[in-house]
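Just below is one structure, and these are the notes that go with it.
Residue numbers (the working numbering), protein chains in the order written: chain R, 1 to 350; chain B, 1 to 350; chain U, 1 to 350.
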């Protein structure tokens, strides 16, 4: 719990109201009660501000005649994210190392660990301080796990993987499986291209449940600082995802895709091999990105992805195809009724 | 094994044939032998009814001169499903609780359990009667698991998850990982929106292998009674899936999607955040649903999904675009040959 | 390490250069150093051949004035795959069977095994020789695992699964979960069609991380010899994938899909139930295959997939829809300006 005076300081907001009022919980606008702080994001919620029983509401600008205490923040959603953390982020408490830890020789364990039952760590690993490993985590040989990283149940990390600090890996994710590379031989049998690279995940990344991030062929697959992946995402060998890029569920990056910093990639997107997506680009859901994308572009459509505005124009016309076809038919009828004909045989000369 | 008289009663069918004939096994039409019961679903199979060596065949209506015994059922496929269960559903037998169970304090275990080796259960859970937990299942703290529920190998269930009775969760599924919510800060770094809600899975649901069902942000993610999910499905935070809705593999529901009762969602479908899909709607494969869908609608196409009939008309015209383009070209030629021109410069005045 | 004379023989190449030169490592063209062998695949790399510090370079044909040693191979990529294996494939070394193995009665274990900690095997299984099982692998009852097969961490294999020799299954894959089959009853509740078939995976297959391969309804789901699956792939009940077929990530095969030999299926493809894809067909990324595909066809587009060349033509016209609409508009203007009208009311008589 915090007083509003404290909280305003923590989230960098200006308080209009009672500095000694106390909030214990963050809640959604609809569910917020006395003792809660919530967010009124946009005019629609501003209009309903006095319906709320929340003790405090974060808003973008002062609202006349507001009953609840207001916290004015330049970026209300960001301020709310920080308020939620201030109220609900539990302080780390080391639970210790389960007596049943299976750990290979030459592995160095940090301090203040939280290693649950049924964790397996290979040889010559280095596990940082305050790392949390949930049951069923399997870490191969020669892996590094940075400080304060949390790895949830049944995550599998193959040998030689590098994971930074403050990384969160959700349950069932697989890090470092072989990239997908085969060459057919003389009889059509697929010969495996051994995958000798690694996966490197830098600090502050978050990896969703049941993701699969493949090791590189020769060089490494790399997730730069602060990449956030939703669930069930495929990252092929030798991909590189830039800092602070966020990716929604079920997207797949083919081998060698390079994604810039601060990109927003929606769900179920697919990328062609070896393309580059520029910094700050946005890719809308289900787009199939077949060519490199310039920085800042917004790409939409399905396969192939197109600049969003061009796609919208085409899609509007596609939607009106029945009308266009009718207009052509009518033109043909007029021409026919007018007795006009072509003076020579029309070749298929396109 | 059952006599046909018994079976007819169990599956609510009318027997035309020998009430004392015995069937031991259900089988596909092609593979059925003496001692088997099978299904002839549709005219194509009716015509081949005397090719079958099955002892009994479930059909929708009597067939003249049929050699096998016939079981006439209003809904033959449903009757067959029940016949398969009658013949092949093994009665539950408790295997007991493995001596190596790791279980936290305050957890209450029901009776007649089947807990395999290498299961981990957190603190303050309540596990119902006759629950089956396969090896590698990890259950967090404060979870409830209802009676007769079966959880297959290596499923991870995060803390505070509620699971009903007679639920089946297939291997590798992850229930209750954090929803995907971030807000960029002043430097573009992604700040996590802590996910404080839960997952609630009601009675009689089935969850496919390697699905990921995220916990809600504040409120819960909910699967209502009887929802059936195929494999590799993503259910984002705060989704609600209605009773008896079935969803095919690799579909993804973005955060806050509300799906009604009795919907049929095909594979690789994606939904926009916060939309509503009405009761009884059908969404065809790979559709990208960007807007709310009215009850009973059939939506198809890719991105954006469209009413199926409208999409079919557009798609037929899309397929004939080469022909349409040729017709426009021919019109241009006729006009040109006729010496017609526009009387003023055509502006791009659309 | 090998001399180039040895290596040329092993990979079936002709050496132009020093037969006694030694290579220790395979590397990408960009990163190759002295002591490395690499590949110059295509004219673009041929032109840069003297930039490389590699000791040896595999090429398709002799290159004048080349400084590095050259290995001329008919299929350079295949030769390189073999060179990588010659240099980097570690010889199998049995690590033995972990003392904590949980194994059911009636199970027969082969020789020279590598069974890591925390593996669980059911009853009446047969595990071949030199099999590697990583931590967290769960094998049900009555399974067969062939010689030299490697199963990575936390793979779940349901009962009665058949797996051949030299198969690789990556972490988190689920083999043999129930196929997805339900029939609504009189009240709309979904009644489960029990899934009585099995999964059979023949020799030399590779299954990617977090794939899900369902057991058949009555007959089996089958992966023929040499099938290679990337990550997060769904194989529905009763599918059959032909020899040497390769499938990229996140593709889903609906129940009963039959895929021929030597097919190349790209990522995020979906198939309709019960269709057949002919031998040697290619399906491009994100295609939704709604009808059977003839052998050797190349299918592209989204939903529905189309012959690639037809799709390209349509897509080019789709991209020029704004232009086509402008042309129709101009025709209408000309017709209007010429005073032409239709002589009778145009019915919507299509």
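Beta carbons are placed, not taken as given, at the ideal position from N, Cα and C, and that holds for glycine.
Just the Cα atoms here: how many angstroms apart are residue i and residue j?
i: residue 54 of chain U; j: residue 264 of chain U; result: 32 Å
i: residue 276 of chain B; j: residue 138 of chain R; result: 40 Å
i: residue 333 of chain B; j: residue 313 of chain R; result: 27 Å
i: residue 194 of chain B; j: residue 187 of chain U; result: 40 Å
i: residue 41 of chain U; j: residue 293 of chain B; result: 51 Å
i: residue 204 of chain R; j: residue 183 of chain B; result: 14 Å
i: residue 350 of chain R; j: residue 328 of chain B; result: The predicted model places residue 350 of chain R with a pLDDT of 37, which falls under 50 and marks its position as unreliable, so this point remains unresolved.
i: residue 220 of chain U; j: residue 239 of chain U; result: 8 Å
i: residue 108 of chain R; j: residue 161 of chain R; result: 15 Å
i: residue 112 of chain U; j: residue 244 of chain U; result: 28 Å
i: residue 337 of chain R; j: residue 304 of chain B; result: 40 Å
i: residue 228 of chain B; j: residue 247 of chain B; result: 6 Å
i: residue 318 of chain U; j: residue 325 of chain U; result: 11 Å
i: residue 98 of chain R; j: residue 154 of chain R; result: 16 Å
i: residue 44 of chain R; j: residue 59 of chain R; result: 12 Å
i: residue 177 of chain B; j: residue 289 of chain R; result: 29 Å
i: residue 84 of chain B; j: residue 135 of chain U; result: 36 Å
i: residue 257 of chain R; j: residue 215 of chain U; result: 34 Å
i: residue 346 of chain B; j: residue 281 of chain R; result: Confidence at residue 346 of chain B is low in this model, with a pLDDT of 44, below 50, so the placement of that residue should be treated as unreliable; the coordinate-derived value is given next. Spanning the two alpha carbons is a distance of roughly 37 Å.
i: residue 168 of chain R; j: residue 133 of chain R; result: 10 Å
i: residue 297 of chain R; j: residue 271 of chain R; result: 15 Å
i: residue 252 of chain U; j: residue 268 of chain B; result: 8 Å
From the DSSP secondary-structure annotation, give me the bridge partner or partners of residue i.
i: residue 182 of chain R; result: R:192
i: residue 114 of chain R; result: R:96, R:132
i: residue 177 of chain R; result: R:214
i: residue 156 of chain R; result: R:138, R:174
i: residue 270 of chain U; result: U:252, U:288
Here's the rule I'm using: 16 or more other beta-carbon atoms within 10 Å means buried, otherwise exposed. How should residue i be labelled?
i: residue 348 of chain R; result: Since pLDDT at residue 348 of chain R reaches only 42, below the 50 mark, its modelled position is unreliable, and the value read off the structure follows with that caveat. It counts as exposed.
i: residue 93 of chain U; result: exposed
i: residue 8 of chain B; result: buried
i: residue 309 of chain B; result: exposed
i: residue 14 of chain B; result: exposed
i: residue 250 of chain R; result: buried
i: residue 65 of chain R; result: exposed
i: residue 339 of chain R; result: exposed
i: residue 286 of chain U; result: buried
i: residue 11 of chain R; result: buried
i: residue 122 of chain U; result: buried
i: residue 18 of chain B; result: exposed
i: residue 89 of chain U; result: exposed
i: residue 96 of chain R; result: exposed
i: residue 1 of chain B; result: exposed
i: residue 254 of chain U; result: buried
i: residue 61 of chain R; result: exposed
For a contact meaning CB atoms closer than 9 Å, what does residue i contact in chain R?
i: residue 313 of chain B; result: 321, 322
Residues of chain B with a CB under 9 Å from the CB of residue i: which are they?
i: residue 296 of chain U; result: Ordered by position in chain B, no residue passes the 9 Å Cβ test against residue 296 of chain U, which lies about 22 Å from the chain.
Quick one: list the residues of chain U neighbouring residue i, beta-carbon separation under 8 Å, in chain order.
i: residue 335 of chain B; result: 331, 334, 335
i: residue 214 of chain R; result: 209, 231
Residues of chain U with a CB under 7 Å from the CB of residue i: which are they?
i: residue 338 of chain R; result: 340
i: residue 88 of chain B; result: 194, 196
i: residue 318 of chain B; result: 314, 318
i: residue 246 of chain B; result: 182, 190
i: residue 78 of chain B; result: 183, 185, 191
So which residues of chain B does residue i contact, with C-beta pairs closer than 7 Å?
i: residue 226 of chain R; result: 189, 190
i: residue 97 of chain U; result: Within 7 Å Cβ-Cβ: nothing; residue 97 of chain U doesn't reach chain B, min ~16 Å.
i: residue 302 of chain R; result: 302, 303
Going along chain B in order, which residues have a C-beta closer than 8 Å to the C-beta of residue i?
i: residue 177 of chain U; result: 152, 170, 171, 208, 209, 231
At a CB-CB cut-off below 7 Å, which residues of chain R make contact with residue i?
i: residue 254 of chain B; result: 267
i: residue 118 of chain B; result: 118
Residue ranges of each beta strand (DSSP E) within the segment 22-104 of chain B, 3 or longer: Within the segment 22-104 of chain B, the complete beta strand (DSSP E) segments at least 3 residues long are 36-39, 56-59, 69-72, listed from N- to C-terminus.
Unbroken stretches of the beta strand (DSSP E), 3 residues or longer, contained in the segment 279-320 of chain B: The segment 279-320 of chain B contains these whole beta strand (DSSP E) runs: 298-300.
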